[in-house]
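If you're matching them up, the sequences are chains G and R in order. Final position of the first sequence in the UniProt record's numbering is 297; the numbers increase by one with none missing. Final position of the second sequence in the UniProt record's numbering is 328; the numbers increase by one with none missing.
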Amino acid sequence: MTYRFSTRQTLAHGFLILGAIIVLLPFYVMISTSFKSPAEIATGTGGVFGSQALFPDPTCLALGGNEPDCLVRPVLDNYSQAFTAAPMWRYLLNGVIVTLSIFALQTLVAVPAAYALAKLKFWGRDAAFALVLFCLLIPVHAIALPLYLMLAKLGLTNSYAALILPWIVSAFGIFLMRQFFMTVPDDLIDAARMDGMGEFAIIWRVMLPTAIPALLAFAIFSVVAHWNDYFWPRIVITGDRSLFTPPLGLREFKGDLGGDFYGPMMASATVIAVPLVVAFLLAQRRFIDGITLSGMK
Amino acid sequence: MSDLASLTNSGPKQQRIARPERPERRQARAGMVLFAPALVLLILILIVPVGVAALLSFTDYTLGRPSIDWVGLRNYIDIFTGSSYRKMIVATVLYVALVVPASVFLGLGAALLIRSLNVGQSFYKTVYFLPVMASLLAMAIVWEFALHPTLGIVNRTLAMGCGTPLELWSWFARSCVDGFPLWLGDRDYALYTLAFIGIWQSFGFNMVLYLAGLTSVPTELYGAAAMDGVKRGWERFRLITWPMLGPTTVFVVTITMIRSFQVFDTVEALTHGGPAKSTYVMIYAIYEKGIAQNLVGLGAAITILFLAFVMLISVAQRRFVERKVHYQ
Numbered sequence: 001m002t003y004r005f006s007t008r009q010t011l012a013h014g015f016l017i018l019g020a021i022i023v024l025l026p027f028y029v030m031i032s033t034s035f036k037s038p039a040e041i042a043t044g045t046g047g048v049f050g051s052q053a054l055f056p057d058p059t060c061l062a063l064g065g066n067e068p069d070c071l072v073r074p075v076l077d078n079y080s081q082a083f084t085a086a087p088m089w090r091y092l093l094n095g096v097i098v099t100l101s102i103f104a105l106q107t108l109v110a111v112p113a114a115y116a117l118a119k120l121k122f123w124g125r126d127a128a129f130a131l132v133l134f135c136l137l138i139p140v141h142a143i144a145l146p147l148y149l150m151l152a153k154l155g156l157t158n159s160y161a162a163l164i165l166p167w168i169v170s171a172f173g174i175f176l177m178r179q180f181f182m183t184v185p186d187d188l189i190d191a192a193r194m195d196g197m198g199e200f201a202i203i204w205r206v207m208l209p210t211a212i213p214a215l216l217a218f219a220i221f222s223v224v225a226h227w228n229d230y231f232w233p234r235i236v237i238t239g240d241r242s243l244f245t246p247p248l249g250l251r252e253f254k255g256d257l258g259g260d261f262y263g264p265m266m267a268s269a270t271v272i273a274v275p276l277v278v279a280f281l282l283a284q285r286r287f288i289d290g291i292t293l294s295g296m297k
Numbered sequence: 001m002s003d004l005a006s007l008t009n010s011g012p013k014q015q016r017i018a019r020p021e022r023p024e025r026r027q028a029r030a031g032m033v034l035f036a037p038a039l040v041l042l043i044l045i046l047i048v049p050v051g052v053a054a055l056l057s058f059t060d061y062t063l064g065r066p067s068i069d070w071v072g073l074r075n076y077i078d079i080f081t082g083s084s085y086r087k088m089i090v091a092t093v094l095y096v097a098l099v100v101p102a103s104v105f106l107g108l109g110a111a112l113l114i115r116s117l118n119v120g121q122s123f124y125k126t127v128y129f130l131p132v133m134a135s136l137l138a139m140a141i142v143w144e145f146a147l148h149p150t151l152g153i154v155n156r157t158l159a160m161g162c163g164t165p166l167e168l169w170s171w172f173a174r175s176c177v178d179g180f181p182l183w184l185g186d187r188d189y190a191l192y193t194l195a196f197i198g199i200w201q202s203f204g205f206n207m208v209l210y211l212a213g214l215t216s217v218p219t220e221l222y223g224a225a226a227m228d229g230v231k232r233g234w235e236r237f238r239l240i241t242w243p244m245l246g247p248t249t250v251f252v253v254t255i256t257m258i259r260s261f262q263v264f265d266t267v268e269a270l271t272h273g274g275p276a277k278s279t280y281v282m283i284y285a286i287y288e289k290g291i292a293q294n295l296v297g298l299g300a301a302i303t304i305l306f307l308a309f310v311m312l313i314s315v316a317q318r319r320f321v322e323r324k325v326h327y328q
């Protein structure tokens with residue numbers, strides 16, 4: 001296929017490329033800096049990926065090493081510092097534990113509730129749905145202070161429970177799954193009942209399999225939100241590094257190293273941002289659908 | 001006894017005999033049982049905290065002290081009279097007022113431009129969506145470095161413009177002599193810089209919502225408009241595209257507002273509300289007063305004020321959707 005030259009198209013591309021440069025600028029800065037030596041960062045030289053010339057590691061010199069033994073490759077030094085100067089693996093593991101637990105519990109709570117709201121007639125159902133709609137209006141971040149106090153009274157701050165508990169009921173998840181279950185034909189459920197399935201079995205063996213696309217979109221929505229969340233972990237985790245999630249770890253890293261360690265810091269930022277960005281690039285459609293889910297209201 | 005029945009017969013008919021309950025009643029009970037966990041959790045996690053915040057906002061409670069006194073409206077009066085709280089309201093409202101229009105407008109502009117392309121649609125869509133995906137805290141730290149007064153790529157690039165016709169712009173010429181701004185360290189620039197990061201992060205999300213909105217505009221409308229002599233792009237946009245995007249716009253504006261009201265990551269990591277409280281936004285104030293300084297009463301009062309703002313926006317949106325945005 002060939003396209004004829006068009007001023008309009010060229011102009012549109014011009015604007016969009018300009019926008020793309022600004023959008024990509026910090027990503028470029030992050031990755032490029034994570035490849036460079038301190039000297040290159042300080043002088044703004046080294047091109048895109050740095051010259052990768054060996055340089056002596058100052059901490060190694062300070063410990064009395066002689067120069068030839070202390071030479072390191074900038075990119076390797078930055079990334080190895082990202083993993084050794086802070087327990088990065090632990091942070092990443094915590095991120096995985098927290099996001100997956102939140103999603104699993106959200107599903108466990110939301111799916112039966114959504115099924116009840118969509119397919120079972122019970123006293124107070126309309127009021128229950130109204131409650132869900134009302135709760136959609138309350139951003140959890142806004143009520144962080146009372147939630148924090150309640151957790152503190154229970155002695156639960158600085159624990160995985162504190163990171164996970166406030167998120168296990170998602171009004172949005174209930175709402176979303178309810179809307180989806182409404183579209184499942186009643187005949188399917190009646191047939192399952194005829195076969196002697198209980199309501200619980202119907203939920204997990206009949207309803208859930210039909211709702212996999214909706215559930216997957218919700219999974220992406222939930223995991224992205226909680227992997228990147230910084231506000232809530234900042235509040236409930238104070239001090240205990242072994243509970244830090246990736247953003248908290250990065251923030252601590254920044255505080256610890258002060259101003260001059262941009263290489264390792266950018267390497268850490270890259271390590272934290274990369275899992276989701278790569279997943280996004282691999283499954284763009286699903287991610288865009290999942291994250292803009294809230295647009296379905 | 002039903003155990004016995006299910007041991008001997010597992011067929012549905014026999015079960016019904018063993019449990020003479022009507023199916024509607026069984027369904028009703030199952031419904032309540034299945035919704036119960038969600039009900040309890042919604043109340044405990046979302047409703048009770050709102051009540052707790054409302055109560056505490058009338059007290060001088062601090063965590064770890066046994067006594068608690070009612071102080072009436074004291075905390076609210078402090079908020080509306082104290083100068084640092086006035087700065088908080090100003091910073092929050094200004095931040096929202098900067099981010100929302102720019103982010104919505106850029107989202108719409110990008111969506112329209114991308115839709116008009118013959119090639120490269122998905123490339124731009126991917127690129128513009130990247131900031132939505134990436135951890136805002138990580139990217140905030142990167143922006144801080146990019147905006148570093150001396151080491152940052154932004155000021156280095158700007159400095160290259162010195163000695164070129166760009167110096168005709170008086171701000172630029174002055175900066176070439178006195179140095180380019182500190183961005184995050186200058187109270188005249190800090191909030192605008194944070195707003196810029198906020199816009200950078202959020203407009204790709206709006207773009208995707210607008211792209212979805214655009215696909216639902218019926219193409220026949222454009223054909224009909226062309227028959228009526230509406231040919232110019234701007235007229236087509238004004239008469240068809242923009243009105244048809246009404247529901248999308250209402251939603252995009254609401255969600256951008258609610259999200260920008262909640263800005264925290266960039267403020268906490270980059271400015272701590274400073275310099276001179278110029279970036280002292282509400283969520284950061286709740287964090288600083290209520291949690292870091294343990295002035296729970298004040299923090300609770302700001303929480304209630306914040307919730308009132310957010311509820312107001314949501315209610316306004318729902319009324320707007322019911323009344324104005326109505327095309328079917």
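For glycine and all other residues, C-beta sits at the position ideal for the given N, C-alpha and C. Keep in mind it's a predicted model, so treat the numbers as computed, not measured.
Using alpha carbons as the reference points, say which of the options lies closest to residue i.
i, options, result
"Asn294 of chain R", "R:Tyr61, R:Ala28, R:Leu44, R:Arg26", "R:Tyr61"
"Met160 of chain R", "G:Ala279, G:Gln9, G:Gly44, G:Asp289", "G:Gly44"
"Ala279 of chain G", "R:Met133, R:Gly82, R:Leu245, R:Ala54", "R:Met133"
"Phe251 of chain R", "R:Thr81, R:Ala300, R:Leu46, R:Arg319", "R:Arg319"
"Phe5 of chain G", "R:Gly213, R:Thr215, R:Phe306, R:Asn118", "R:Asn118"
"Leu194 of chain R", "R:Thr219, R:Ala97, R:Cys162, R:Lys125", "R:Ala97"
"residue 331 of chain R", "G:Arg286, G:Trp167, G:Arg285", "Lying before the first or after the last residue shown, residue 331 of chain R is absent from chain R, which here runs from 1 to 328."
"Arg90 of chain G", "G:Arg286, G:Ile189, G:Gly249", "G:Gly249"
"Leu137 of chain R", "G:Ala225, G:Ser37, G:Gly46", "G:Ala225"
"Arg285 of chain G", "R:Leu56, R:Leu108, R:Tyr284, R:Thr126", "R:Thr126"
Chain G beta carbons: is any one of them nearer than 8 Å to that of residue i?
i, result
"Gln27 of chain R", "yes"
"Val296 of chain R", "yes"
"Asn118 of chain R", "yes"
"residue 330 of chain R", "Summary: the structure shown does not reach residue 330 of chain R, with chain R confined to residues 1 through 328, and so no result is reported for it."
"Val208 of chain R", "yes"
"Trp242 of chain R", "no"
"Val142 of chain R", "yes"
"Ala276 of chain R", "no"
"Pro181 of chain R", "no"
"Thr249 of chain R", "no"
"Ile258 of chain R", "yes"
"Ser314 of chain R", "yes"
"Val253 of chain R", "no"
"Asp265 of chain R", "yes"
Kindly indicate if chain R contains any beta-carbon less than 8 Å away from that of residue i.
i, result
"Pro112 of chain G", "yes"
"Glu199 of chain G", "yes"
"Phe122 of chain G", "yes"
"Arg251 of chain G", "yes"
"Gln106 of chain G", "no"
key: the region 132 to 144 of chain R contacting the region 25 to 40 of chain G, beta-carbon criterion three pairs below 8 Å   = By the Cβ criterion, the region 132 to 144 of chain R is in contact with the region 25 to 40 of chain G, since at least three pairs of Cβ atoms, one from each stretch, lie closer than 8 Å.
ask   = Between the region 169 to 176 of chain R and the region 59 to 72 of chain G, do three or more beta carbon pairs fall short of 8 Å?
value = The region 169 to 176 of chain R is not in contact with the region 59 to 72 of chain G.
ask   = For the region 146 to 177 of chain R, which residues have a beta carbon sitting closer than 7 Å to at least one beta carbon of chain G?
value = Those would be Ala146, Leu151, Ile153, Arg156, in chain order.
query = Unbroken beta strand (DSSP E) runs of length 3 or more, entirely within the region 85 to 151 of chain G: which are they?
reply = Segments of the beta strand (DSSP E) lying fully in the region 85 to 151 of chain G: there are none.
message = Against chain R, which members of the region 206 to 232 of chain G pass a CB distance test of less than 8 Å?
response = Within the region 206 to 232 of chain G, Val224, Trp227, Asn228, Tyr230, Phe231 place their CB atoms closer than 8 Å to a CB of chain R, listed in sequence order.
ask   = Given 8 Å as the limit, is there contact between the region 42 to 57 of chain G and the region 72 to 79 of chain G, that is, 3 or more CB pairs closer than that?
value = Because the criterion of three Cβ pairs below 8 Å is met, the region 42 to 57 of chain G and the region 72 to 79 of chain G touch.
ask   = Quick one, which residues of the region 100 to 111 of chain R are near chain G if we go by CB-CB under 7 Å, in chain order?
value = Result list: Ala110.
ask   = Of all the residues that make up the region 11 to 40 of chain G, which are near chain R by a beta-carbon distance shorter than 8 Å?
value = For the region 11 to 40 of chain G, the beta-carbon criterion of a distance under 8 Å to any beta-carbon of chain R is satisfied by Ala12, His13, Phe15, Leu16, Gly19, Ala20, Ile22, Val23, Leu24, Leu25, Pro26, Phe27, Val29, Met30, Thr33.
inquiry  = Three or more C-beta pairs under 8 Å: does that hold for the region 227 to 234 of chain R against the region 104 to 111 of chain R?
reply    = At 8 Å Cβ cutoff, the stretches do not touch.
ask   = Hey, is the region 272 to 281 of chain R in contact with the region 83 to 97 of chain R, meaning 3+ C-beta pairs nearer than 8 Å?
value = Counting Cβ pairs under 8 Å, three or more are found: they touch.
ask   = When Cβ atoms are compared, which residues of the region 134 to 158 of chain G fall closer than 9 Å to chain R?
value = Here the close residues are Phe134, Cys135, Leu136, Leu137, Ile138, Pro139, Val140, His141, Ala142, Ile143, Ala144, Leu145, Pro146, Leu147, Tyr148, Leu149, Met150, Ala152, Lys153.
message = Under 8 Å: do the region 146 to 163 of chain R and the region 206 to 221 of chain R share three or more Cβ pairs, one atom per stretch?
response = Cβ pair count under 8 Å is below three, so no.
request  = Name, going along the chain, the residues of the region 66 to 92 of chain R whose beta-carbon falls closer than 9 Å to a beta-carbon of chain G.
outcome  = The region 66 to 92 of chain R vs chain G, Cβ under 9 Å: nothing.
ask   = In chain order, what residues of the region 63 to 76 of chain G put their CB closer than 7 Å to some CB of chain R?
value = From the region 63 to 76 of chain G, no residue has a Cβ closer than 7 Å to chain R.
key: Cβ pair count under 8 Å reaching 3, the region 123 to 133 of chain R against the region 188 to 206 of chain R   = Yes, since at least three Cβ pairs between the region 123 to 133 of chain R and the region 188 to 206 of chain R fall closer than 8 Å, the two stretches touch.
Length-filtered (4 minimum) alpha helix (DSSP H) runs lying within the region 268 to 307 of chain R = Counting only runs that start and end inside the region 268 to 307 of chain R, the alpha helix (DSSP H) elements of at least 4 residues fall at 282 to 285.
request  = Quick one: which residues of the region 273 to 294 of chain G get their C-beta closer than 8 Å to a C-beta of chain R? List them in chain order.
outcome  = Among the residues of the region 273 to 294 of chain G, those with a Cβ less than 8 Å away from any Cβ of chain R are Ala273, Leu276, Val277, Phe280, Leu281, Gln284, Phe287, Ile288, Ile291, Thr292, Ser294, in the order of the chain.
inquiry  = Pairs of beta-carbons, one from the region 100 to 107 of chain G and one from the region 140 to 153 of chain G, closer than 8 Å: are there three or more?
reply    = Contact fails: fewer than three Cβ-Cβ distances are below 8 Å.
inquiry  = Any contact between the region 300 to 311 of chain R and the region 128 to 139 of chain G? By contact I mean 3 or more CB pairs, one from each, below 8 Å.
reply    = Three or more beta-carbon pairs separated by less than 8 Å link the region 300 to 311 of chain R to the region 128 to 139 of chain G, which places the two stretches in contact.
ask   = Is the region 238 to 245 of chain G touching the region 82 to 102 of chain G, taking contact as three or more C-beta pairs under 8 Å?
value = Yes, they touch.
key: Sufficient close CB pairs (3 or more, under 8 Å) joining the region 109 to 122 of chain G to the region 176 to 193 of chain G   = They touch, by the three-pair rule.
key: Near-chain R residues of the region 164 to 180 of chain G (beta-carbon distance less than 8 Å), N- to C-terminal order   = Answer in chain order: Leu165, Pro166, Ile168, Val169, Ala171, Ile174.
key: Any 3 or more C-beta pairs closer than 8 Å across the region 262 to 279 of chain R and the region 28 to 48 of chain R   = With the cut-off at 8 Å, the region 262 to 279 of chain R and the region 28 to 48 of chain R do not touch.
key: Continuous alpha helix (DSSP H) assignments of at least 4 residues falling wholly in the region 193 to 281 of chain R   = Entirely contained in the region 193 to 281 of chain R, the alpha helix (DSSP H) runs reaching 4 residues are, in chain order, 219 to 227, 233 to 236, 246 to 261.
ask   = Would you call the region 153 to 160 of chain G and the region 229 to 241 of chain G touching, i.e. three or more CB-CB distances under 8 Å?
value = Verdict: yes, contact present.
query = If we count Cβ pairs, one from each stretch, closer than 8 Å, do we get three or more for the region 296 to 304 of chain R versus the region 244 to 259 of chain R?
reply = Too few Cβ pairs lie closer than 8 Å, so no.
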